[in-house]
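The structure appears right after this line, and notes come after that.
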Amino acid sequence: MNSYKIFSDTELCSLLKEGNEGAYTEIYNRYWQTVYSIAYNRLRNLETAQDLVHDTFASLWVNREKVVIENLKSYLAVSIKYRIIELIRREKLASKFELLAPATYLGNFNDASDALHFKNILKLMEEEIENLPDRCKLIFKYSRNENKSAKEIAAELSISQSTVENQLNKALTRLRLVLKNLNSFLF
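Per the UniProt record's numbering: the sequence shown = residues 1 to 187.
This is the structure we're talking about:
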């Protein structure tokens, strides 16, 4: 068994490119605390920081053949910082929607019956989403609930971006049809 502790970062990166799991493990052991510290110091959330560290190292392994690393420590630091920025961007987007949605929808109702109709419409939409084919439903939920781009979803599910876009269009078409039918029924 090789002791990878004696290898330089450059040597470890070369071995990593070849798929050497021992080199990958040494990189993880050497830098996980540094990467974790960056994430935790910014987020102050143990579980989220751990998740981002996991994602960072998983991405390093998955992309090992493609990635060009000049300085391993800097590469990992930049990688975790981008993940933090993306997480914060998603959380801000989600919180904006949560703040706006009640004011936009519920605030415009004239009486309780209007609010009840709206809740029923939301329930019908949720039921329609649940009735989507499994892959279509999963892609739709990644897109709408987790704010993932088509590119991110494609990478996560190991499918083409055009497949993701087609499935999203399929889901949105079905939901629009439900709303259209509901609209013609109500008005």
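Built from N, CA and C at the ideal position, the CB exists for glycine as well.
Beta-carbon proximity check, residue i vs residue j, cutoff 7 angstroms
i           : j       : result
Arg-42      : Ile-69  : no
Val-35      : Leu-60  : no
Tyr-28      : Phe-7   : no
Ala-49      : Ala-39  : yes
residue 195 : Glu-26  : Since the displayed the chain opens at 1 and closes at 187, residue 195 lies outside it and no answer follows.
Glu-165     : Ala-155 : no
Asn-145     : Arg-90  : no
Ile-139     : Gln-167 : yes
residue 259 : Arg-64  : Limits of the chain in this structure are 1 at one end and 187 at the other, which puts residue 259 out of reach.
Asp-9       : Leu-72  : yes
Cys-136     : Lys-170 : yes
Tyr-142     : Ile-159 : no
Bounding residues of the alpha helix (DSSP H) (the contiguous stretch that carries residue i)
i       : result
Gly-22  : 21 to 43
Lys-151 : 150 to 157
Ala-145 : First, the residue type needs correcting, since residue 145 is Asn and not Ala in the sequence shown. Start and end: 134 to 145.
Val-62  : 46 to 62
Glu-11  : 9 to 17
Heavy atom of the ligand COA within 6 angstroms of residue i beta-carbon
i       : result
Val-164 : The ligand COA is not among the ligands present in this structure, which contains no ligands whatsoever.
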